[in-house]
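Worksheet for the structure shown next.
There are 2 protein chains.
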Amino acid sequence: MDPVQSEHHAYQPHPQPGSSILSALVRKLESFEIISEEVKQRIGRLPLRVASFAAREDLVRESEPRGEVRVLIEGMAGRYKALDGGRHAILGFLLPGDVDEADALADELDHGIAAISPCKVAMVSRFTFDQLLVDFPEVGRGFRRMARLDGAIARMWLTNMGQRPADRQAAHLLCELHVRLSAVGMGGPDGFTNPLTQEHLANVLGISSVHMNRVMQHLREEGLIRIEGHVLRFPSSAKIREYAGFDGGYLMGEGRTPAPESQPHAGAPDSRQRAPAYGSETHFPTPGME
Amino acid sequence: MDPVQSEHHAYQPHPQPGSSILSALVRKLESFEIISEEVKQRIGRLPLRVASFAAREDLVRESEPRGEVRVLIEGMAGRYKALDGGRHAILGFLLPGDVDEADALADELDHGIAAISPCKVAMVSRFTFDQLLVDFPEVGRGFRRMARLDGAIARMWLTNMGQRPADRQAAHLLCELHVRLSAVGMGGPDGFTNPLTQEHLANVLGISSVHMNRVMQHLREEGLIRIEGHVLRFPSSAKIREYAGFDGGYLMGEGRTPAPESQPHAGAPDSRQRAPAYGSETHFPTPGME
DNA sequence: CGTCGATTTGAAATCTATCAACGATGGTGG
DNA sequence: CCACCATCGTTGATAGATTTCAAATCGACG
């Protein structure tokens with residue numbers, strides 16, 4: 159049905175001329191720095207190639223030297239570290255607009271990145287990328303702030319996973335996903351399209367998937383969440399945030415508006431309007447047609 | 159300026175001219191970049207003031223705007239985040255040579271820093287610091303690598319704290335501390351002087367202090383550790399590392415030597431010689447250095 | 001000596017993992 | 001269209017890990 163779903167990577171040389179392949183990246187940068195039209199144009203014209211990955215495929219293998227900078231443009235991916243016994247520990251999630259290593263300083267990652275839902279990735283040569291940073295220092299600042307945001311999220315996970323009951327941890331994680339996914343158009347005011355399996359979530363929290371399942375049931379019984387196919391809804395955003403002890407402040411770039419209780423700015427002014435499913439068609443077989 | 163507070167801290171306007179107050183910082187930078195004599199001199203002459211903090215005191219309060227860059231020169235401190243109920247989650251440890259925010263981009267921290275053992279801190283004005291970075295790009299690179307190292311450690315904690323038995327987690331943490339403390343002269347080949355209480359350790363791992371205690375006993379019974387006062391020893395460094403699944407690679411700057419089994423280079427050639435205690439006695443102030 | 005913080009212990013209450021199964025769903029190929 | 005397969009969500013039962021609440025012990029220190 160969709161070109162995206164090819165079993166293996168289908169490299170597509172140059173997708174579209176000066177179009178907005180990297181619009182997700184621009185949007186993310188805009189949440190940190192003022193980005194001029196000139197820069198947008200430049201980014202729009204960056205030579206790049208696009209690769210598609212099926213779910214579970216590696217975007218970057220652990221300790222693989224990389225010749226390029228990779229920008230996720232569609233789908234969801236996860237940073238992971240291999241554990242003995244063939245298991246993986248998930249260290250973070252990448253959403254459209256995220257870069258494999260924001261500070262672009264490392265030649266080699268200390269962890270791998272794998273597609274969670276089918277992904278499209280733009281690959282830009284290191285040289286081209288560096289040139290962009292040289293020409294536009296504000297872009298460099300933006301990337302550094304992205305790196306800081308990653309760090310802030312990692313710290314919050316560390317905090318959240320500390321001594322608190324698993325259901326609060328889960329609630330907190332869901333709140334974070336809500337905010338982050340909403341910022342890229344995969345969520346709305348009262349929920350989001352969830353690409354993650356319970357096993358993914360369990361992995362992040364360091365609990366078993368069976369227990370994760372029970373935690374979800376518990377949250378459901380408490381009326382804190384509702385599940386409709388692949389869409390996860392919050393009957394009351396305020397209630398679950400209180401339950402989780404969630405304060406989205408850490409998800410925001412530093413010099414930006416504190417976002418009053420609802421949505422976190424996210425550059426694009428309000429990309430939500432529909433009722434049933436959020437986000438893109440292709441990726442999530444949203445419950446779609448009800 | 160906020161006179162940081164009461165009688166405890168003794169401000170010493172300008173300690174010693176040109177001397178090596180910041181030698182710990184230089185040592186740390188040297189583990190990442192080649193640092194010329196010129197730079198060392200410059201750092202040695204940086205205008206700064208030194209503050210002392212008693213254990214438990216805040217070096218930086220959460221979300222307090224900072225006018226200066228702070229370098230830990232003695233003692234051990236912890237990054238923490240306040241939790242509901244007055245508790246704290248420890249997010250990381252700072253050792254001599256560590257900087258409160260290595261990438262120096264943030265005007266404000268998203269977490270606090272508190273002294274664990276009595277600390278001495280050098281405060282350098284933001285302006286002076288920025289000037290240093292402008293004049294010597296390699297120093298900037300060094301700081302960025304320090305920031306990356308912090309990130310790598312946070313990711314490892316996240317990994318380690320995932321689904322593994324608590325005793326392995328604990329062993330892993332102890333191995334990490336061994337390497338890091340050794341690098342600043344607070345440890346030797348088979349152990350280190352431990353400034354942390356079991357409660358600190360428990361906090362990091364997200365378990366109760368009672369359980370931490372039992373874990374320590376278990377490790378002791380297994381012959382993996384031995385406790386002699388404030389010194390924690392490893393009868394067999396290899397054995398506990400295997401038990402913990404510890405690979406110190408993540409603790410090393412990227413382009414440096416892998417340090418064969420014993421010590422992680424650490425710039426300063428050997429500051430240990432006596433048998434009983436590394437560092438020093440009562441409250442872990444490192445031996446008189448200089 | 002008395003105090004305070006840290007470590008230790010015991011016992012009961014909870015939480016969580018593990019194992020093993022089953023049902024639902026969606027996609028695939030005949 | 002149906003049989004088949006794989007993935008995911010769900011459930012029950014049991015063993016094990018961990019927390020919590022006291023209370024006792026120990027050590028450093030004024």
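Chain order of the listed sequences is F and C.
Per the numbering used here: the first sequence = residues 159 to 448.
Per the numbering used here: the second sequence = residues 159 to 448.
All residues carry an ideal CB built from backbone N, CA and C; glycine is no exception.
query: Below-8 Å beta-carbon distance, residue 408/C vs any chain F residue; result: yes
query: Neighbour-count burial assignment, residue 346/F, 16 or more Cβ in a 10 Å radius; result: buried
query: Chain-ordered neighbours of residue 216/C on chain F, where CB pairs are closer than 8 Å; result: By Cβ distance, chain F contributes nothing, its closest Cβ being about 17 Å from residue 216/C, past 8 Å.
query: CB contact flag (residue 377/F, residue 325/F, <8 Å); result: yes
query: CB contact check: residue 269/C to chain F, cutoff 8 Å; result: yes
query: Chain F within 8 Å of residue 324/C, Cβ atoms only; result: no
query: Backbone secondary structure at residue 187/F - three-state DSSP; result: helix
query: Residue 178/C versus residue 229/F: straight-line alpha-carbon distance, rounded; result: 44 Å
query: Closest by C-alpha distance to residue 387/C, when choosing among 406/C, 363/C, 355/C, 362/C; result: 355/C
query: Cβ of residue 225/C within 8 Å of any chain F Cβ; result: no
query: Same chain, Cβ closer than 7 Å to residue 368/C, five either side skipped, listed in chain order; result: none
query: For residue 207/F: DSSP bridge partner residues; result: 281/F
query: Residue 237/C vs residue 253/C beta-carbon contact at 8 Å; result: no
query: Cross-strand partners of residue 357/F (DSSP beta bridge); result: BP columns for residue 357/F are empty, so no partner.
query: Straight-line gap, residue 226/C to residue 202/C (C-alpha atoms, nearest Å); result: 17 Å
query: Residue span of the beta strand (DSSP E) that contains residue 396/C, given as start and end; result: Element bounds for residue 396/C: not the beta strand (DSSP E) but the alpha helix (DSSP H), 395-402.
query: Residue 201/F - DSSP class collapsed to helix/strand/coil; result: helix
query: Which of helix, strand or coil DSSP assigns to residue 349/F; result: strand
query: Helix, strand or coil at residue 342/C according to DSSP, with G and I counted as helix; result: coil
query: Near-chain F residues of the segment 245-258 of chain C (beta-carbon distance less than 7 Å), N- to C-terminal order; result: 247, 249
query: Residue 236/F in three-state terms, based on DSSP; result: strand
query: Amino acids of chain C, ordered along the chain, whose beta-carbon sits closer than 9 Å to that of residue 239/F; result: 313, 314, 316, 317, 320
query: Residue 106/F, buried or exposed, once every other Cβ within 10 Å from all chains shown has been counted against 16; result: Chain F is shown from 159 up to 448; residue 106/F falls before or after that span and cannot be answered.
query: Distance, residue 384/F Cα to residue 352/F Cα; result: 12 Å
query: Below-8 Å beta-carbon distance, residue 300/C vs any chain F residue; result: no
query: Continuous alpha helix (DSSP H) stretch holding residue 220/F: start and end; result: Element bounds for residue 220/F: n/a, residue is neither H nor E.
query: Beta carbon of residue 350/F nearer than 8 Å to that of residue 363/F; result: no
query: Host alpha helix (DSSP H) of residue 373/C (start-end); result: 367-379
query: Cβ pair residue 313/C, residue 190/C closer than 8 Å; result: no
query: Reduced DSSP secondary structure (H/G/I, E/B, other) of residue 415/C; result: The predicted model places residue 415/C with a pLDDT of 39, which falls under 50 and marks its position as unreliable; any figure quoted below should be read in that light. Coil, per DSSP.
query: Rounded straight-line distance, which links the Cα of residue 259/F to that of residue 187/C; result: 22 Å
query: Reference residue 272/C, options 222/C, 214/C, 390/C, 240/C, closest by Cα; result: 214/C
query: contact_flag[the segment 207-223 of chain F, the segment 267-285 of chain F] where n(CB pairs < 8 Å) is 3 or more; result: yes
query: With 16 other Cβ atoms within 10 Å as the buried cut-off, status of residue 292/C; result: exposed
query: Backbone CA spacing between residue 361/F and residue 217/F [nearest angstrom]; result: 19 Å
query: Proximity test, Cβ basis, 8 Å: residue 242/C and chain F; result: yes
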